[in-house]
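J.: 1 is the number of the first residue of the sequence shown in my numbering; add one for each residue after it.
By construction, the Cβ of each residue, glycine as well, lies at the ideal position given by its N, Cα and C atoms.
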Amino acid sequence: MDAVDEDGRGRAGSTDGHGTGATVGAAVQDVPVRLRLDLAYDGTAFAGWARQPTLRTVQGVLEDALALVLRSGPRGEAPPRLTVAGRTDSGVHARGQVAHVDVVPAALEAVRGRSDRPVLDVLRTRLTGVLDDDVVVRDVTPAPAGFDARFSALRRRYAYRVGDDPSLRDPLRRAHVLQHRQPLDVAAMDAAASTLVGRHDFAAYCKPRPDATTIRTLEAFGWSRVADGPDAGLVVAHVQADAFCHSMVRALVGASLAVGEGRRPVGWPSELLRSRRREGGATVVAAHGLTLEEVTYPPDAELAVRADRTRARRQAHEAQTAAPAGPGPAGSGGPGDCCG
Numbered sequence: 001m002d003a004v005d006e007d008g009r010g011r012a013g014s015t016d017g018h019g020t021g022a023t024v025g026a027a028v029q030d031v032p033v034r035l036r037l038d039l040a041y042d043g044t045a046f047a048g049w050a051r052q053p054t055l056r057t058v059q060g061v062l063e064d065a066l067a068l069v070l071r072s073g074p075r076g077e078a079p080p081r082l083t084v085a086g087r088t089d090s091g092v093h094a095r096g097q098v099a100h101v102d103v104v105p106a107a108l109e110a111v112r113g114r115s116d117r118p119v120l121d122v123l124r125t126r127l128t129g130v131l132d133d134d135v136v137v138r139d140v141t142p143a144p145a146g147f148d149a150r151f152s153a154l155r156r157r158y159a160y161r162v163g164d165d166p167s168l169r170d171p172l173r174r175a176h177v178l179q180h181r182q183p184l185d186v187a188a189m190d191a192a193a194s195t196l197v198g199r200h201d202f203a204a205y206c207k208p209r210p211d212a213t214t215i216r217t218l219e220a221f222g223w224s225r226v227a228d229g230p231d232a233g234l235v236v237a238h239v240q241a242d243a244f245c246h247s248m249v250r251a252l253v254g255a256s257l258a259v260g261e262g263r264r265p266v267g268w269p270s271e272l273l274r275s276r277r278r279e280g281g282a283t284v285v286a287a288h289g290l291t292l293e294e295v296t297y298p299p300d301a302e303l304a305v306r307a308d309r310t311r312a313r314r315q316a317h318e319a320q321t322a323a324p325a326g327p328g329p330a331g332s333g334g335p336g337d338c339c340g
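1. Kindly indicate which residue of 134, 99, 68 has the alpha-carbon position closest to the one of residue 46.
2. Taking its Cβ as the centre, do 16 or more other Cβ atoms sit within 10 Å of residue 187, making it buried, or is it exposed?
3. In the DSSP output, what is residue 308 paired with across the bridge?
4. Could you tell me whether the Cβ atoms of residue 178 and residue 280 are closer together than 8 Å?
5. Where does residue 262 land, buried or exposed, given buried means 16+ other C-beta within 10 angstroms?
6. Should residue 59 and residue 51 be called a contact, given that it needs their Cβ atoms to be closer than 8 Å?
7. What does the alpha-carbon distance come out to for the pair residue 345 and residue 117?
8. Taking the continuous alpha helix (DSSP H) assigned at residue 125, which residues delimit it?
9. Would you check if the distance between the CB atom of residue 99 and the CB atom of residue 83 is smaller than 8 Å?
10. Relative to the C-alpha of residue 137, which residue among 146, 145, 125 is closest?
11. What residue from 131, 197, 225 has the CA that sits closest to residue 216's CA?
12. Kindly indicate which residue of 154, 252, 191 has the alpha-carbon position closest to the one of residue 202.
13. Since residue 223 sits in a beta bridge, which residues does DSSP pair it with?
14. Note the first and the last residue of the continuous alpha helix (DSSP H) segment covering residue 105.
15. What's the gap between the Cα of residue 266 and the Cα of residue 164?
16. Cα-Cα, which of 298, 260, 65 is closest to residue 236?
17. Under the assumption that residue 223 contacts residue 193 (Cβ atoms under 8 Å), give the Cβ distance between them as a whole number of angstroms.
18. Taking 8 Å as the threshold, find out whether the segment 156–174 comes into contact with the segment 140–147 through three or more Cβ pairs.
19. Just checking, does the segment 33–40 make contact with the segment 97–115 on the three C-beta pairs under 8 Å criterion?
20. Does DSSP put residue 166 in a helix, in a strand, or in coil?
21. For residue 354, count the other beta carbons within 10 Å of its own beta carbon; 16 or more makes it buried, fewer makes it exposed. Which is it?
22. On the criterion of 16 or more Cβ atoms from any shown chain inside 10 Å, does residue 240 qualify as buried, or is it exposed?
23. Indicate the three-state DSSP secondary structure (helix, strand or coil) for residue 85 in the structure shown.
24. Could you give the distance in angstroms between the alpha-carbon of residue 122 and the alpha-carbon of residue 79?
25. Taking the alpha carbon of residue 287 as the point to measure from, which residue in 48, 306, 269, 308 has its own alpha carbon closest?
26. Please state whether DSSP places residue 155 in a helix, a strand or coil.
27. Across which residues does DSSP place residue 286 in a beta bridge pair?
28. Near residue 180, which residues of its chain fall below 6 Å by C-beta distance, leaving aside the five closest residues on each side in sequence?
29. Which stretch, first to last residue, makes up the beta strand (DSSP E) that contains residue 33?
30. Who pairs with residue 161 in a beta bridge, going by DSSP?
31. Only counting the same chain, and skipping five residues up and downstream in sequence, which positions put a Cβ closer than 6 Å to that of residue 152?
32. Whole angstroms are fine: how far does the CA of residue 278 sit from the CA of residue 205?
33. By alpha-carbon positions, which one of 61, 195, 220 ends up nearest to residue 127?
34. Could you say which of 272, 309, 93, 120 lies nearest to residue 174 if we only look at CA atoms?
35. What's the call for residue 74, buried or exposed, on a 16-neighbour Cβ count within 10 Å?
36. Considering Cα atoms alone, identify which of 199, 120, 130, 269 is closest to residue 191.
Put into structure tokens, the structure is as follows:
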């Protein structure tokens, strides 16, 4: 799911905030422009982000919608392909997902038709018209030079929501909150979570994948009982890292719940981390309580440098794992963009 431009430097047109189309129309018609898409979706009916031939996925429905809306392009261009910041698992939600797509200007101009509105506003409106209600394109903007939704990202932030008070159980949120049958010791959970923050090998919390690194920098991990607002009464974890490996967030939550129930001591999650053993470790909790809340990027002037560095780490990791085993920790490089 890498970018169309392998160097990550999307050729964004120099339009205004939502693209008046004047400069897009004047651009070289065969040179793609890179667009940033800000997305939200309810993951309940999706088999995750990544396109799969026989399953409904977020990437699949969005790319199909883009192909439908852009099909009035004059030369039958290649189908649009999205690159995403975080490839969420089946059932995981997002309200702050980011993707990019490269589109030839002629196809964009064809989308405008006779409308006098900015062309990217027209594109967003038409996408809304063909998409189901469980996925929303919140904004479409010209990507700054050097922007890569995946490799330019600095960090991803997830929230996991748990309800442990039967009197507050809301059937309307059953697809977004994990209902827990016993009260949780939130202070103990928060104390345990704090011991995992930092750069570590999270092999004990990641589903193994060939040649995939399990070394991550967990920037923040904490639990609190929310006092007010739409999450009032819920026990919520906020988890932030440069990237996550497969099922990492849900395993971290599972370890925390074991502490909150009193089945494990506060020090157990960090002991599990040091063991680097997944067997007999943390339960991977249900996906529906997890939401990708935000993806953070550096200032525009630093986007290309960030993408180059992240890509270089990935290439170094791939070279290391392809070579015969040598000294040094396994999986010591390479970015991740997965999955919660």
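T.: In this structure, then:
1. Within the sequence shown, numbered from 1, the residue matching residue 46 stands at position 46. Answer by Cα proximity: 134.
2. The residue given as residue 187 occupies position 187 in the sequence shown. It counts as exposed.
3. Your numbering for residue 308 matches position 308 in the sequence shown. Answer is none; residue 308 lacks a bridge partner.
4. Here residue 178 is taken as the residue at index 178 of the sequence shown, counted from 1. Here residue 280 is taken as the residue at index 280 of the sequence shown, counted from 1. No, Cβ-Cβ distance for residue 178 and residue 280 is not below 8 Å.
5. As a working note, residue 262 is residue 262 in the sequence shown. When all chains shown are included, residue 262 counts as exposed.
6. Counting from one through the sequence shown, the residue named residue 59 turns up at place 59. Counting from one through the sequence shown, the residue named residue 51 turns up at place 51. Cβ distance < 8 Å, so residue 59 and residue 51 count as in contact.
7. Outside the shown range of the chain (1 to 340) lies residue 345, about which nothing can therefore be said.
8. Here residue 125 refers to the residue found at position 125 of the sequence shown. Start and end: 119–130.
9. Numbered from its first residue, the sequence shown carries residue 99 at position 99. Numbered from its first residue, the sequence shown carries residue 83 at position 83. In contact: residue 99 and residue 83 (Cβ atoms closer than 8 Å).
10. Position 137 of the sequence shown, counting from 1, holds the residue named residue 137. Scanning 146, 145, 125 for the CA closest to the CA of residue 137 turns up 125.
11. For this step, residue 216 is matched to residue 216 along the sequence shown. Per the Cα distances, 197.
12. Start at 1 with the first residue of the sequence shown, and residue 202 comes out as number 202. The shortest Cα separation from residue 202 among 154, 252, 191 belongs to 252.
13. What you label residue 223 is simply residue 223 of the sequence shown in a count that begins at 1. Answer is 237, bridged to residue 223.
14. Residue 105 sits at position 105 when you count from the first residue of the sequence shown. First-last of the alpha helix (DSSP H) with residue 105: 105–112.
15. Position 266 of the sequence shown, counted from the start, is the residue given in the question as residue 266. Position 164 of the sequence shown, counted from the start, is the residue given in the question as residue 164. Taking the straight line from one Cα to the other gives about 19 Å.
16. Translated into the one-based positions of the sequence shown, residue 236 becomes position 236. If you compare the alpha carbons of 298, 260, 65 with that of residue 236, the shortest gap goes to 260.
17. Position 223 of the sequence shown, counting from 1, holds the residue named residue 223. Position 193 of the sequence shown, counting from 1, holds the residue named residue 193. Taking 8 Å as the upper bound for CB-CB distance, residue 223 and residue 193 are in contact here, some 6 Å apart.
18. Under the three-pair Cβ rule at 8 Å, the segment 156–174 does not count as touching the segment 140–147.
19. Touching, yes.
20. If you number the sequence shown from 1, residue 166 lands on position 166. Helix, per DSSP.
21. This structure leaves residue 354 out entirely; the chain is present only between 1 and 340.
22. Translated into the one-based positions of the sequence shown, residue 240 becomes position 240. Label assigned to residue 240: buried.
23. Numbered from its first residue, the sequence shown carries residue 85 at position 85. DSSP places residue 85 in the coil class of the three-state scheme, outside both helix and strand.
24. Mapped onto the sequence shown, residue 122 falls at position 122. Mapped onto the sequence shown, residue 79 falls at position 79. Straight-line Cα distance between these residues: approximately 19 Å.
25. One-based indexing of the sequence shown puts residue 287 at position 287. Checking every option, the nearest Cα to that of residue 287 belongs to 48.
26. The residue given as residue 155 occupies position 155 in the sequence shown. For residue 155, the three-state secondary structure derived from DSSP is strand.
27. The residue you call residue 286 lines up with position 286 of the sequence shown. Answer is none; residue 286 lacks a bridge partner.
28. For this step, residue 180 is matched to residue 180 along the sequence shown. The beta carbon of residue 180 lies closer than 6 Å to those of 162, 164 in the same chain, with the five residues before and after it left out.
29. To locate residue 33, count along the sequence shown from 1; it is residue 33. Run containing residue 33: 33–41, per the beta strand (DSSP E) assignment.
30. In the sequence shown, residue 161 corresponds to position 161, counting from 1. Residue 161 pairs with 236.
31. Start at 1 with the first residue of the sequence shown, and residue 152 comes out as number 152. When the five nearest sequence neighbours on each side are left out, the beta carbons in the same chain lying within less than 6 Å of the beta carbon of residue 152 are those of 297, 303, 306, 307, in order along the chain.
32. Along the sequence shown, read from residue 1 onward, the residue named residue 205 stands at position 205. Along the sequence shown, read from residue 1 onward, the residue named residue 278 stands at position 278. Their backbone Cα atoms lie some 7 Å apart in a straight line.
33. Within the sequence shown, residue 127 is the residue found at index 127, counting from 1. Ranked by how close their Cα comes to the Cα of residue 127, the residues 61, 195, 220 have 61 in first place.
34. Mapped onto the sequence shown, residue 174 falls at position 174. Comparing Cα-Cα distances from residue 174 to each of 272, 309, 93, 120, the minimum goes to 93.
35. By one-based count along the sequence shown, residue 74 stands at place 74. Low confidence applies to residue 74: its pLDDT is 49, below 50, so where it sits in the model is not reliable enough to give any reading.
36. In the sequence shown, counting from the first residue as 1, residue 191 sits at position 191. Ranking the options by Cα distance to residue 191, first place goes to 269.
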